[in-house]
Amino acid sequence: MSETANVALDFRNIDILFDRSGRRGAIEAALARLDAGETREEISRALKVTVGVAGANLGVARGEISVLMGLSGSGKSTLLRAANRLNQPIRGEVRIGNGSAWLDIARCDGDTLRELRKTRIAMVFQQFGLLPWRSVRDNVGFGLELRGMAPSVRREIVEEKLALVGLSSWADAQVHELSGGMQQRVGLARAFATDADILLMDEPFSALDPLIRRKLQDELMDLQKRLKKTILFVSHDIDEALKIGSRITIMREGRIVQTGTPGDITLRPINDYVADFIRHMNPLPTILAAAFMRRFRDLPVRPDGLLDAGTIAIDQHAPTAHVADRGVVMRACGEWEPGAVCIVPTHMSLGEVIVMRQRSGFPVLVEEDGQLVGVCDDADIYQALSGERRRG
Amino acid sequence: MMAPEHWITAHKIPVGTAMAAVIDVVRHYGLGVFDAISDVVGACADGLTIMLLDIPPLLLVAVAIVGAWFLRRSWKLVALIALGLLFIINQGYWNETMATLSLILFSTLCCMVVGVPLGVVSAHRPRLAQVLHPILDLMQTLPTFVYLIPTLILFGLGTVPGMISTIIFAVPAPIRMTQMGIARVPRSLIEAGEAFGATERQILWKIELPAALPLIQAGLTQCIMLSLSMVVIAALVGAGGLGVPVVRALNTVQVDVGFESGFVIVLLAIMLDRLCRSKEPAQ
Numbered sequence: 001m002s003e004t005a006n007v008a009l010d011f012r013n014i015d016i017l018f019d020r021s022g023r024r025g026a027i028e029a030a031l032a033r034l035d036a037g038e039t040r041e042e043i044s045r046a047l048k049v050t051v052g053v054a055g056a057n058l059g060v061a062r063g064e065i066s067v068l069m070g071l072s073g074s075g076k077s078t079l080l081r082a083a084n085r086l087n088q089p090i091r092g093e094v095r096i097g098n099g100s101a102w103l104d105i106a107r108c109d110g111d112t113l114r115e116l117r118k119t120r121i122a123m124v125f126q127q128f129g130l131l132p133w134r135s136v137r138d139n140v141g142f143g144l145e146l147r148g149m150a151p152s153v154r155r156e157i158v159e160e161k162l163a164l165v166g167l168s169s170w171a172d173a174q175v176h177e178l179s180g181g182m183q184q185r186v187g188l189a190r191a192f193a194t195d196a197d198i199l200l201m202d203e204p205f206s207a208l209d210p211l212i213r214r215k216l217q218d219e220l221m222d223l224q225k226r227l228k229k230t231i232l233f234v235s236h237d238i239d240e241a242l243k244i245g246s247r248i249t250i251m252r253e254g255r256i257v258q259t260g261t262p263g264d265i266t267l268r269p270i271n272d273y274v275a276d277f278i279r280h281m282n283p284l285p286t287i288l289a290a291a292f293m294r295r296f297r298d299l300p301v302r303p304d305g306l307l308d309a310g311t312i313a314i315d316q317h318a319p320t321a322h323v324a325d326r327g328v329v330m331r332a333c334g335e336w337e338p339g340a341v342c343i344v345p346t347h348m349s350l351g352e353v354i355v356m357r358q359r360s361g362f363p364v365l366v367e368e369d370g371q372l373v374g375v376c377d378d379a380d381i382y383q384a385l386s387g388e389r390r391r392g
Numbered sequence: 001m002m003a004p005e006h007w008i009t010a011h012k013i014p015v016g017t018a019m020a021a022v023i024d025v026v027r028h029y030g031l032g033v034f035d036a037i038s039d040v041v042g043a044c045a046d047g048l049t050i051m052l053l054d055i056p057p058l059l060l061v062a063v064a065i066v067g068a069w070f071l072r073r074s075w076k077l078v079a080l081i082a083l084g085l086l087f088i089i090n091q092g093y094w095n096e097t098m099a100t101l102s103l104i105l106f107s108t109l110c111c112m113v114v115g116v117p118l119g120v121v122s123a124h125r126p127r128l129a130q131v132l133h134p135i136l137d138l139m140q141t142l143p144t145f146v147y148l149i150p151t152l153i154l155f156g157l158g159t160v161p162g163m164i165s166t167i168i169f170a171v172p173a174p175i176r177m178t179q180m181g182i183a184r185v186p187r188s189l190i191e192a193g194e195a196f197g198a199t200e201r202q203i204l205w206k207i208e209l210p211a212a213l214p215l216i217q218a219g220l221t222q223c224i225m226l227s228l229s230m231v232v233i234a235a236l237v238g239a240g241g242l243g244v245p246v247v248r249a250l251n252t253v254q255v256d257v258g259f260e261s262g263f264v265i266v267l268l269a270i271m272l273d274r275l276c277r278s279k280e281p282a283q
């Protein structure tokens, strides 16, 4: 949490507990046991207190999409909802930059909280949370209406946000006339309408069909390129998290297990739990050539000085490729032609590498900064597909 | 030797006398208040009846038809109202119908004014709902004649005790339905309001009440029907309206008058029910 200058939202030592017992002092007793190192189950059984989140520290940088990942009950939604105090943290601070100063959302007074919710932090819900008796237009304008903005002023903003999500022609429709995907676009437009800089998204696409879900993910990423919001996004889907997240936080039983970029998480899982998560992702779009290629330094050298990459041999110094002692043409994958060995950049995905391997009939070479650095052959591809990943 | 049950009978718990004493005290100290209520409520209800009777029946029928059209836009309903009202004129029960109508409208208005806010408050405070629940049960199950007696003592003969009894009988409906409606508003909608910075008042007016509207409307319809079922009992304590010919027919064993006024009451009930029922089923 050292890069404070660029942090828009900062969770510090957050504990969120829910008292199911109704007894006075139950929360305090639970905190004492939590500090003594007891587990969630023990505390829950002994005191009827649910530990939602324990000791969570997370900084969300301005303009990034930070994804909270975990199984159900891992506390990811609970932590998200602390950001606008739909859940009240028992201990810890939720700091939001307010001009030059910091403001603690967990402890500010009611008026300040409402002001933050109206202008700084908007939210998108899993079940959309639209008001079914209102038209699309009036749903999008809901936040502005709560601010007391006059209908005539509101209208223009609402039109603009509806155009943003591609629903201009549906402004006067009733919510129930829309499909699930369209309803969530209304939810997005409603969140954008207040021009809040922070967006909380609580599994916004989980209730949608897979096709629609992917479409909305793409749309969200397109919008994000233009709008540059700070987004905190909850998901239980590792593929979704790797696709849209610039930073991913894995949670388990109320605690943060690992925070990092998609690369950190996939290549350097901190423990078996995270590794297990990664094992269940779809590897084709997420694993990059850099992660599974064999580096030249690991290849055996033939007596004639060439690197032995199975069906082809590579002269690292020339640089040329040889098949059965005959030179073959090398082409970057954009200009590839039949008969040539394909060269791909390090950020090429596993799926794309497979396509080039299959088309060219040769192992695929990988270049970095204009230099050939590695090769992807069948063995490397199978290894990547089977989840046996190289680390480091 | 005295049998145990005789001992139990000999030591009667003074439930009845206690209630009588309470009513006595209330009457003694509250006479002015009850007289005032009696005067105001009586004047309003009777005033409404007189106003309705001042309008020529056919003009009122026309107004009802136009009103029904604008409210529901259904030819079937308009036909029902037109034929129903003409039938009432034909049978010669127009004046009684107007008296009953003003009694129902006025007591329903009172019920809604009291019931909806009470329902909202009790939905927000489960403790209050717990206290209210048995009281509402008591109001609806205690035989009507029983509380007719104290209302008679407190308010005297006439329209007012009939109306008060009607309100006591009918007001649980809007309270219960409003409470149920508000309590059933999905948590996610309220959170959507909170997340966008709504105040408690904004959540009530912009989320809870609109979401509960179908049930509140059902409460209104129920309230009207319950009020209508009280017209005969109200007539016993001197309220005017369609109950009067029923009571008279009962006393003089006139089958024809009994059925005539009975049919008119049923007809009125059907017309009011169709008018108030919500247009589309709640989602």
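Those protein sequence lines, which keep their order, are chains A and B. Using the UniProt record's numbering, the first residue of the first sequence is number 1, and each one after it goes up by one. Using the UniProt record's numbering, the first residue of the second sequence is number 1, and each one after it goes up by one. Note that CB positions come from ideal geometry on N, CA and C, so glycine has one too.
Which word fits residue i, buried or exposed, when buried means at least 16 other C-beta atoms lie within 10 angstroms of its C-beta?
{"i": "A/ASP378", "result": "exposed"}
{"i": "A/MET182", "result": "buried"}
{"i": "A/VAL153", "result": "exposed"}
{"i": "A/GLN258", "result": "buried"}
{"i": "B/ASP35", "result": "exposed"}
{"i": "A/SER2", "result": "Low local confidence applies: a pLDDT of 43 at A/SER2 is under 50, so the model's placement there is unreliable, and no value is given."}
{"i": "B/LEU71", "result": "exposed"}
{"i": "B/GLU200", "result": "exposed"}
{"i": "A/GLY59", "result": "buried"}
{"i": "A/SER211", "result": "Residue identity check: residue 211 of chain A is Leu in the sequence provided, not Ser. By the neighbour-count rule (16 or more Cβ atoms within 10 Å), A/LEU211 is not buried but exposed."}
{"i": "A/ARG24", "result": "exposed"}
{"i": "B/GLN179", "result": "buried"}
{"i": "B/PHE259", "result": "exposed"}
{"i": "B/PHE196", "result": "buried"}
{"i": "B/GLU5", "result": "exposed"}
Just grab the DSSP bridge partners of residue i for me.
{"i": "A/VAL140", "result": "Its beta-bridge partners do not exist; DSSP assigns none."}
{"i": "B/ASP273", "result": "None, per the DSSP bridge assignment."}
{"i": "A/ALA50", "result": "Just to set this straight, residue 50 of chain A is Thr in the shown sequence, not Ala. Partner(s): A/PHE18."}
{"i": "A/ARG331", "result": "A/CYS342"}
{"i": "A/THR320", "result": "A/ASP315"}
{"i": "A/GLY374", "result": "A/ARG295, A/VAL366"}
{"i": "A/GLN174", "result": "A/SER135"}
{"i": "A/ASP10", "result": "A/GLY59, A/ARG95"}
Going straight from the alpha carbon of residue i to that of residue j, what length do you get?
{"i": "B/LEU157", "j": "B/ASN95", "result": "20 Å"}
{"i": "A/PRO132", "j": "A/ASP138", "result": "10 Å"}
{"i": "B/SER261", "j": "B/LEU86", "result": "14 Å"}
{"i": "B/GLN91", "j": "B/GLY84", "result": "11 Å"}
{"i": "A/GLY52", "j": "A/THR39", "result": "12 Å"}
{"i": "residue 394 of chain A", "j": "A/GLU115", "result": "Given a span of 1 to 392 for chain A in the structure shown, any question on residue 394 of chain A remains unanswerable."}
{"i": "A/ALA171", "j": "A/GLN184", "result": "14 Å"}
{"i": "B/PRO161", "j": "B/GLY115", "result": "19 Å"}
{"i": "A/THR346", "j": "A/PRO285", "result": "13 Å"}
{"i": "B/ALA239", "j": "B/VAL247", "result": "11 Å"}
{"i": "A/THR112", "j": "B/LEU31", "result": "52 Å"}
{"i": "A/LEU226", "j": "B/PRO134", "result": "Here residue 226 of chain A is Arg; the residue named in the question, Leu, does not match the sequence. Answer to the nearest angstrom: the Cα atoms are 60 Å apart."}
{"i": "B/PRO281", "j": "A/ALA275", "result": "Note on B/PRO281: pLDDT 45, under 50, position unreliable in the model; the coordinate value appears next. Using only the alpha carbons, I get a separation of about 51 Å."}
{"i": "A/GLY339", "j": "A/ARG295", "result": "24 Å"}
{"i": "A/ASP197", "j": "A/GLY97", "result": "11 Å"}
{"i": "B/VAL15", "j": "B/PRO245", "result": "36 Å"}
Between the beta-carbon of residue i and the beta-carbon of residue j, is there less than 8 Å?
{"i": "A/ASN84", "j": "A/ARG117", "result": "yes"}
{"i": "A/ILE248", "j": "A/ILE278", "result": "no"}
{"i": "A/LEU79", "j": "A/LEU68", "result": "yes"}
{"i": "B/LEU228", "j": "B/ILE175", "result": "no"}
{"i": "B/LEU58", "j": "B/ALA68", "result": "no"}
{"i": "A/LEU208", "j": "A/LEU220", "result": "no"}
{"i": "B/LEU242", "j": "B/ILE265", "result": "yes"}
{"i": "A/ARG95", "j": "A/ARG12", "result": "yes"}
{"i": "A/ILE43", "j": "A/ALA30", "result": "yes"}
{"i": "A/LYS161", "j": "A/PHE128", "result": "no"}
{"i": "residue 334 of chain B", "j": "B/LEU154", "result": "Coverage of chain B is limited to positions 1 through 283, which leaves residue 334 of chain B absent and any answer about it impossible."}
{"i": "A/ILE287", "j": "A/LEU350", "result": "yes"}
{"i": "B/THR221", "j": "B/ARG187", "result": "no"}
May I ask you to check if the CB of residue i is nearer than 7 Å to at least one heavy atom of the ligand GTP?
{"i": "A/ALA196", "result": "Inclusion of the ligand GTP in the displayed structure is not the case, the ligand content being empty and no account of it being possible."}
Which runs of the beta strand (DSSP E) at least 3 residues long sit entirely within the stretch 212-288 of chain A? Give them in chain order.
230-235, 247-252, 255-260
Every unbroken beta strand (DSSP E) inside the stretch 97-158 of chain A [3 residues or more]:
101-104, 121-124
Residues, ordered as in the chain, of the stretch 258-271 of chain A that lie near chain E by beta-carbon distance below 9 Å
Absent from the structure: chain E. Protein chains present are A and B.
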